[in-house]
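**Student:**
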Amino acid sequence: MLPSVRVTNLIVFLGCTALILIALYLEHVMGMEPCPLCMTQRIAVIAVGVVALLAFLHNPAKRGVRVYAVLGLLLAVGGAYFSSRQLWLQSLPPDQVPACGPALEYMMQVFPFMDVLKAMLHGDGNCAEVDRLFGVSLALWTLLAFIGMAAVNLFQAVRVSRQA
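Under the working numbering, residues 391 to 554 are what the sequence shown spells out, in order.
#1: At a cut-off of 7 Å, would you count Ala547 as near the ligand ADP, judging by its Cβ distance to the nearest heavy atom?
#2: Expressed to the nearest angstrom, what Euclidean distance is found between the alpha-carbon atoms of Asp505 and Pro426?
#3: How about Val438 and Leu465: are their beta carbons less than 8 Å apart?
#4: Between Gly513 and Arg475, is the Cβ-Cβ spacing less than 8 Å?
#5: Could you tell me whether the region 515 to 529 touches the region 483 to 496, using the rule of 3 or more Cβ pairs below 8 Å?
#6: Closest to Pro450 by C-alpha separation, out of Val397, Val520, Ala541, Met539, would be which residue?
#7: Within the same chain, show all residues whose beta-carbon is closer than 7 Å to that of Ala529, passing over the 5 residues directly before and after it, in chain order.
#8: Note down the Cα distance separating Ala547 from Asn399, rounded to an integer number of angstroms.
#9: Give me whichever residues DSSP pairs with Arg552 in a beta bridge.
#10: Which whole runs of the alpha helix (DSSP H) in the region 482 to 541 are 4 residues long or more, in chain order?
#11: Taking the CB atoms as reference points, tell me whether Leu444 and Tyr458 lie closer together than 8 Å.
#12: CB-CB under 7 Å to Leu461, same chain, minus the five flanking residues each way: which ones, in chain order?
#13: Compute the distance between the beta-carbons of Ala413 and Gly469, then report whether it is under 8 Å.
#14: Nearest by alpha-carbon distance to Ala541: which of Leu523, Phe403, Val467 is it?
#15: What would DSSP say about Val419, mapped onto helix, strand or coil?
Written out as structure tokens, the structure reads:
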């Protein structure tokens with residue numbers, strides 16, 4: 391038996407919370423520095439999680455369920471794009487990798503916001519570095535998580551449309 395729409399939203403929220411906690415553990419305990427695309431992916435995970443939490447708390451009727459599900463789907467697809475871009479950067483031959491930029495913290499203090507935003511959306515040479523967890527690129531793990539989030543949100547939208 392499938393969990394209710396409300397419980398499914400709670401599960402998505404808890405999954406996103408777990409992903410962010412893992413990212414923080416990898417950064418602060420394991421010493422892995424996030425690149426600009428990693429930070430963009432974190433923002434997308436948080437956004438999907440917030441939408442799922444709002445849907446859980448609101449517990450809307452059919453139309454609201456569809457609105458939350460479509461919003462979550464769009465955010466997950468956006469996150470998947472950034473994960474895919476990072477995987478693409480990681481697949482480039484060393485001579486084609488873009489130059490590395492300064493650390494994101496430094497950029498936010500020194501550069502105009504639009505320059506920082508461009509770096510976060512396009513990535514740089516730092517994003518081509520491959521960090522692995524259980525032998526798999528973190529960008530691939532994140533892409534798989536976004537695909538899962540998108541699938542759950544799509545399922546939420548479809549199943550509420552089929553209910554009588």
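All C-beta atoms, glycine included, are put in the ideal place defined by N, C-alpha and C.
**Tutor:** Taking the definition as stated:
#1: Summarising the ligand content, the structure contains no ligands, and the ligand ADP is consequently not present.
#2: Position 115 of the sequence shown holds residue 505. Position 36 of the sequence shown holds residue 426. About 12 Å.
#3: The count along the sequence shown starts at 1 and reaches residue 438 at position 48. The count along the sequence shown starts at 1 and reaches residue 465 at position 75. Yes, these two residues count as a Cβ contact at 8 Å.
#4: Working through the sequence shown from its first residue, we reach residue 513 at position 123. Working through the sequence shown from its first residue, we reach residue 475 at position 85. Their beta carbons are under 8 Å apart, which means Gly513 touches Arg475 by this criterion.
#5: yes
#6: One-based indexing of the sequence shown puts residue 450 at position 60. Selected option, being the one with the closest Cα: Val397.
#7: Taking the first residue of the sequence shown as position 1, residue 529 is located at position 139. So the qualifying residues of the chain are Ser473, Gln476, Leu477, Gln480.
#8: Stepping through the sequence shown from its first residue, residue 547 is reached at position 157. Stepping through the sequence shown from its first residue, residue 399 is reached at position 9. Distance from the CA of Ala547 to the CA of Asn399, rounded to the nearest whole angstrom, comes to 12 Å.
#9: By one-based count along the sequence shown, residue 552 stands at place 162. DSSP output for Arg552 lists no bridge partner at all.
#10: 494 to 500, 503 to 512
#11: In the sequence shown, counting from the first residue as 1, residue 444 sits at position 54. In the sequence shown, counting from the first residue as 1, residue 458 sits at position 68. Yes; because the gap between Cβ atoms is below 8 Å, this pair is in contact.
#12: Looking up residue 461 in the sequence shown gives position 71. Within the same chain, Leu461 has close Cβ partners Val441.
#13: Taking the first residue of the sequence shown as 1, we reach residue 413 at position 23. Taking the first residue of the sequence shown as 1, we reach residue 469 at position 79. No, these two residues do not count as a Cβ contact at 8 Å.
#14: Numbered from its first residue, the sequence shown carries residue 541 at position 151. The shortest C-alpha separation from Ala541 is found at Val467.
#15: What you label residue 419 is simply residue 29 of the sequence shown in a count that begins at 1. Reduced to three states, the DSSP call for Val419 is coil.
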